[in-house]
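K.L.:
4 protein chains.
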Amino acid sequence: MTTLVNFRSDVTVEYRDHMGDDKRVVEAMLVSTNTTDAADDLKREPGRINYLMRDRHGSPFEHTALQFVVEAPIFVFREWHRHRIGFSYNEMSGRYSILPATYYIPSSDRHSVQVGKQGAYTYEPAETEDQAWLIADMKAEAIENYSRYERRLEKGFAREVARMSLGVNIFTKMYVTLNARSCMSFLSLRTKRETSRFPSFPQREIEMCAEKVEEHFARLFPLTHAAFEKNGRVAP
Amino acid sequence: MTTLVNFRSDVTVEYRDHMGDDKRVVEAMLVSTNTTDAADDLKREPGRINYLMRDRHGSPFEHTALQFVVEAPIFVFREWHRHRIGFSYNEMSGRYSILPATYYIPSSDRHSVQVGKQGAYTYEPAETEDQAWLIADMKAEAIENYSRYERRLEKGFAREVARMSLGVNIFTKMYVTLNARSCMSFLSLRTKRETSRFPSFPQREIEMCAEKVEEHFARLFPLTHAAFEKNGRVAP
Amino acid sequence: MTTLVNFRSDVTVEYRDHMGDDKRVVEAMLVSTNTTDAADDLKREPGRINYLMRDRHGSPFEHTALQFVVEAPIFVFREWHRHRIGFSYNEMSGRYSILPATYYIPSSDRHSVQVGKQGAYTYEPAETEDQAWLIADMKAEAIENYSRYERRLEKGFAREVARMSLGVNIFTKMYVTLNARSCMSFLSLRTKRETSRFPSFPQREIEMCAEKVEEHFARLFPLTHAAFEKNGRVAP
Amino acid sequence: MTTLVNFRSDVTVEYRDHMGDDKRVVEAMLVSTNTTDAADDLKREPGRINYLMRDRHGSPFEHTALQFVVEAPIFVFREWHRHRIGFSYNEMSGRYSILPATYYIPSSDRHSVQVGKQGAYTYEPAETEDQAWLIADMKAEAIENYSRYERRLEKGFAREVARMSLGVNIFTKMYVTLNARSCMSFLSLRTKRETSRFPSFPQREIEMCAEKVEEHFARLFPLTHAAFEKNGRVAP
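Residue numbers (my numbering), protein chains in the order written: chain A, 16 to 251; chain B, 16 to 251; chain C, 16 to 251; chain D, 16 to 251.
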């Protein structure tokens, strides 16, 4: 059997569910003062959320949840899983399933050359033919890599053994659940923006995930997102 | 000003919101094997959830949330807040608000005498007149306690100073968010049941909270709750 | 039996143990680059730790521990226990022990009057006679409070019942273990300094604990503490 | 440049530091009862630790630390990093360093064939010639894999790009800090023993790490380890 190998240069962050909204954050905050906003106080929400963000009162943002199904290569999940607090994960297992034949390959315009000093690299495009070579090289390797994987499975080796040398650019899938506070911590470290008060140097591929997470976050929690942006993208 | 002091011998655990259900747990589990159940596979859910519980695969239960507004005395919250992982809290603040005049008083049938050895106490009823004395004594003290609190506030002392000697039986209120996994950890330690594989010795008042939490949990996640019960009430 | 009640206006944060030092933080950092510093590179440590702090690389600071035995009133522990991540606690139990007769009473120079608006209060001294009244009032209440507690115990009521109305200013004791990263998070929120980039408004009594924690921290991790101070007392 | 590729069929868990011991666990426990053991009470330690384990009083075990430097392949670290609570990690970075040319290859006696049903696989040896083929195949692939990696680096591609297709069997190194409680949770899930009350099905390679962790743990905390073993290897 020879399975056709698929190549992707993108990632998927599919919305699955969420709990709460900006109003919920304010509600949780108002428990502190044992008050509730009257219906005509909704106009106070932006100021209240901005106050929480500015003064780093982080806990009210935790009474929320965001849930996604993510498809990305292993090297991205390796970075993502280092976020431990306020994150729950379930990922496709190479022990319990045969991983599908999909590999990450940089796009032709992925900036692939690092410049600057360690810890603060920036990235520039490679020469066109170099980038083309890289892509062809990675495709060839992926095809070979998956072929060896399948051969081992066909010979009867255990999945957990056959998968031992899969490349970190093979795709897997995970369920991830986080809250608005852990989401902001993630965005703060995994995106690079002009508006950030603190520098960050994410690898582009996890930033691609973070940008999609941020779109969902901004849509579901618009006031919280605006306050995050206004306060230098520092997680409270 | 003399505010009338209220006495309560119960607690409140009001449902506020939740995310996910038993089916979600199975969905998160099936990411591992990269499969999904067909519509007619729903009958497999109980077995699957039981398998997760029995073999302590805890992470699929985390892709859920339960959210409550709880009213209970401080001595209960003191115990509750020791649950750190998978719990988010926002509580009424004695620095930002004037705590309302509500105190916990044991009911006439609260078992108030400890017997047995330390670490494994059981509780028996006190003599009727002793229990009556206790209740009267605690009521008198609460009235005095709140009166001193108000006098300090009236004299212009800061809330954070006036509240310094409030009794741990004064009620406050909190927002609490947890997930099905942290919920089971809480129930495992804060209830005492025949069906428990491991012993636990909760104070009755936090158990009263836990029982109400369990009602909500059993209603929202019936298969998960049944598997928890079937497997000795051990959190996975 | 009438136990003499003790009054304290201070707190205790006694050093118990620690693990690691500034050099350990650098060692953990250098795993990233698979390098080690030669002996004569020790002069690079301050710069390296400053880089970690500035760019919010927090994880290397976690490979350390600080351990204290703290004596403080319950209202302080209530705030402290809200720090969930990187904190381990074991506290004297009112269920398993009879709490000693020691209560917190504000000192004569404790600033007891709040001014300014909610969420950003500052505190000023009360009139001398008002403060004296407050102290006398709290002492009288504490004596009465402990006397009722003892009477209930003498009558045979369970410890967990007798303690139900103890004031939140009674002292207990706890073992607390944290790491350099969680320590900085604690200091950032529980002290108020000119050098802080973000505002914070701790209650004075937990700040008294935090100041003692900070002395130990600065002594054990001088370079980390200096970098924390230099970078606006923001936890990485 | 062609770097010689090294093959390993083992892992390294090197002791780096620790804090506390069995006596510390008892000390933290005794804070609850506000007592201390006299010198001649040391004989009570085993019973006390056994009581904590049996009744799942987990927090006293947290006032300890163990610290290791681990060398293992990425597929092992992928599993290890799913332990989030009470674990701190710093790992060699493929963005900041060039990963050394060391790959994991199964030994000739690694059981490589799975039997039984999903979720409860057991493993048996493959035919001798099949295992030899597997080892040769993985070695050839590793040499090719590292050669492509080096070629990309030589052509000037960024480290984070060149490393994108490294096999998950390449070795990296990490600093890991945990405490006695999180250690027992890890051992409970990542070893498979006759004495375990709950079943577990770890991949052999992470179990190899866990066995080395357990040796250090048993040496540093002999009474805690004995109580863990006696109580069915269930983490408290």
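Glycine included, each C-beta is placed from N, C-alpha and C at the ideal position.
(1) Apart from the five residues just before and just after A/R186, which ones in its own chain have a Cβ nearer than 6 angstroms to its Cβ?
(2) The beta strand (DSSP E) that contains D/N33, what's its start and end?
(3) Just to confirm, is the Cβ distance from A/R167 to A/G109 under 7 angstroms?
(4) Residues of the region 70-102 of chain C with a CB closer than 7 angstroms to any CB of chain A: list them in chain order, please.
(5) Which of helix, strand or coil does DSSP assign to B/T143?
(6) Anything in chain A within Cβ reach of D/K170, meaning under 7 angstroms, just list it in chain order.
(7) Around the Cβ of D/V46, are there at least 16 other Cβ atoms within 10 angstroms (buried) or fewer (exposed)?
(8) Grab the span of the beta strand (DSSP E) containing C/P214 for me, first residue to last.
(9) Can you tell me which of D/H72, D/L181, D/H96 puts its alpha carbon nearest to the alpha carbon of B/S203?
(10) Please go through the region 36-104 of chain D and give each complete beta strand (DSSP E) segment of 3 or more residues, from N-terminal end onward.
(11) Would you call the region 63-81 of chain B and the region 222-241 of chain B touching, i.e. three or more CB-CB distances under 8 angstroms?
(12) Below 8 angstroms CB to CB, which residues in the same chain sit around B/Y136 once its five sequence neighbours on both sides are set aside?
(13) Please go through the same chain and pick out, in chain order, the residues whose beta-carbon is closer than 8 angstroms to the beta-carbon of D/R31, but skip the five residues on each side of it.
(14) Confirm, please, whether the CB-CB distance from A/M68 to A/N246 is below 7 angstroms.
(15) By Cβ distance, which residues of its chain are closer than 7 angstroms to C/F243, with the 5 residues on each side in sequence left out?
(16) Taking the C-alpha atoms as reference points, what is the distance between A/T17 and A/L181?
(17) Determine whether the beta carbon atoms of C/F172 and B/S127 lie at a separation below 7 angstroms.
(18) May I ask which residues mark the beginning and end of the alpha helix (DSSP H) holding D/F243?
(19) Along the region 37-56 of chain D, what residues have a CB closer than 8 angstroms to any CB found in chain C?
(20) Taking 7 angstroms as the cut-off, decide whether the C-beta atoms of B/R163 and B/S211 are in contact.
(21) Excluding the 5 residues flanking B/F201 on each side, which residues of the same chain have their C-beta closer than 6 angstroms to its C-beta?
(22) Closer than 9 angstroms between beta carbons: that is the criterion. Which residues of the region 107-125 of chain D meet it against chain C?
(23) Excluding five sequence neighbours on each side, which residues of the same chain lie with their C-beta closer than 8 angstroms to the C-beta of C/K285?
(24) Consult DSSP for A/I113 and reduce its assignment to one of helix, strand or coil.
(25) What alpha helix (DSSP H) runs, 4 residues minimum, are completely inside the region 142-223 of chain C?
(26) Do the CB positions of B/S103 and A/H78 come within less than 7 angstroms of each other?
(27) Are any of the Cβ atoms in chain C nearer than 7 angstroms to that of B/N105?
(28) Is the CB of C/M153 under 7 angstroms away from at least one CB in chain B?
(29) Whose CA, out of C/V26, C/V20, C/F22, C/N21, lies closest to the CA of C/A225?
(30) So, helix, strand or coil for D/V228, using DSSP?
(31) Answer yes or no: does any C-beta atom of chain B fall closer than 7 angstroms to that of D/P251?
(32) What residues from chain B crowd round A/G62, counting only those whose CB sits closer than 8 angstroms?
(33) Out of curiosity, what's the CA-to-CA distance linking C/I120 and C/S24?
(34) Classify B/R23 as helix, strand or coil using the three-state DSSP reduction.
(35) Under 7 angstroms, Cβ to Cβ, is there at least one residue of chain D near A/L193?
P.N.:
By the coordinates alone:
(1) Note on residue identity: the sequence assigns Phe, not Arg, to residue 186 of chain A. The answer, listed in chain order, is E86, P88, T117.
(2) The sequence as given places His at residue 33 of chain D; Asn does not occur at that position. Annotation for D/H33: the continuous beta strand (DSSP E) segment containing it runs 27-34.
(3) With respect to the 7 angstroms criterion, A/R167 and A/G109 are not classified as neighbours on the basis of their beta carbons.
(4) Residues passing the 7 angstroms Cβ filter: D70, R71, I100.
(5) When DSSP states are grouped into helix, strand and coil, B/T143 belongs to the helix group.
(6) What D/K170 touches in chain A: D145.
(7) Buried.
(8) Note, C/P214: premise wrong, no beta strand (DSSP E); not H, not E.
(9) Ranked by Cα distance from B/S203, the options D/H72, D/L181, D/H96 are led by D/H72.
(10) Taken in chain order, the whole beta strand (DSSP E) runs of length 3 or more contained in the region 36-104 of chain D are 80-88.
(11) Inter-segment contact for the region 63-81 of chain B and the region 222-241 of chain B is present: three or more beta-carbon pairs are separated by less than 8 angstroms.
(12) Shown here for B/Y136: same chain residues with a beta carbon closer than 8 angstroms to its own, the five before and five after excluded, namely Q129, V130, F216 in chain order.
(13) Answer for D/R31: Q82, F83, V84, Y190, listed in chain order.
(14) Closer than 7 angstroms, so yes.
(15) Excluding sequence neighbours, C/F243 sits near M68, M199.
(16) Cα to Cα, the separation comes out at about 16 angstroms.
(17) A contact, by the Cβ cut-off of 7 angstroms.
(18) Counted as a single uninterrupted DSSP element, the alpha helix (DSSP H) harbouring D/F243 occupies residues 237-245.
(19) Residues passing the 8 angstroms Cβ filter: R39, E42, A43, M44, V46, S47, T48, N49, T50.
(20) It is not a contact, given that the beta carbons lie outside the stated cut-off.
(21) Correct list, in chain order: H98.
(22) Hits within the stretch, in order: M107, S108, R110, Y111, S112, I113, L114, P115.
(23) In the structure displayed, chain C extends from 16 to 251; residue 285 of chain C sits before or after that span and is not available.
(24) Reduced to three states, the DSSP call for A/I113 is coil.
(25) Listed in chain order, the complete alpha helix (DSSP H) runs (minimum 4 residues) inside the region 142-223 of chain C are 143-169, 174-177, 195-205.
(26) For the 7 angstroms CB-CB criterion, B/S103 and A/H78 form a contact.
(27) Chain C contact via Cβ: absent.
(28) Residue contact check for C/M153 against chain B: a CB pair falls below 7 angstroms.
(29) Measuring C-alpha to C-alpha distances from C/A225 to each of C/V26, C/V20, C/F22, C/N21 identifies C/V26 as the nearest.
(30) Three-state DSSP puts D/V228 in a helix.
(31) Not an interface residue.
(32) Within 8 angstroms of the CB of A/G62, no CB atom of chain B is found; the nearest one sits about 16 angstroms away.
(33) Inter-residue distance for C/I120 and C/S24 is about 5 angstroms (C-alpha atoms, whole angstroms).
(34) B/R23 falls in the strand class under three-state DSSP.
(35) No, A/L193 does not count as interfacial toward chain D.
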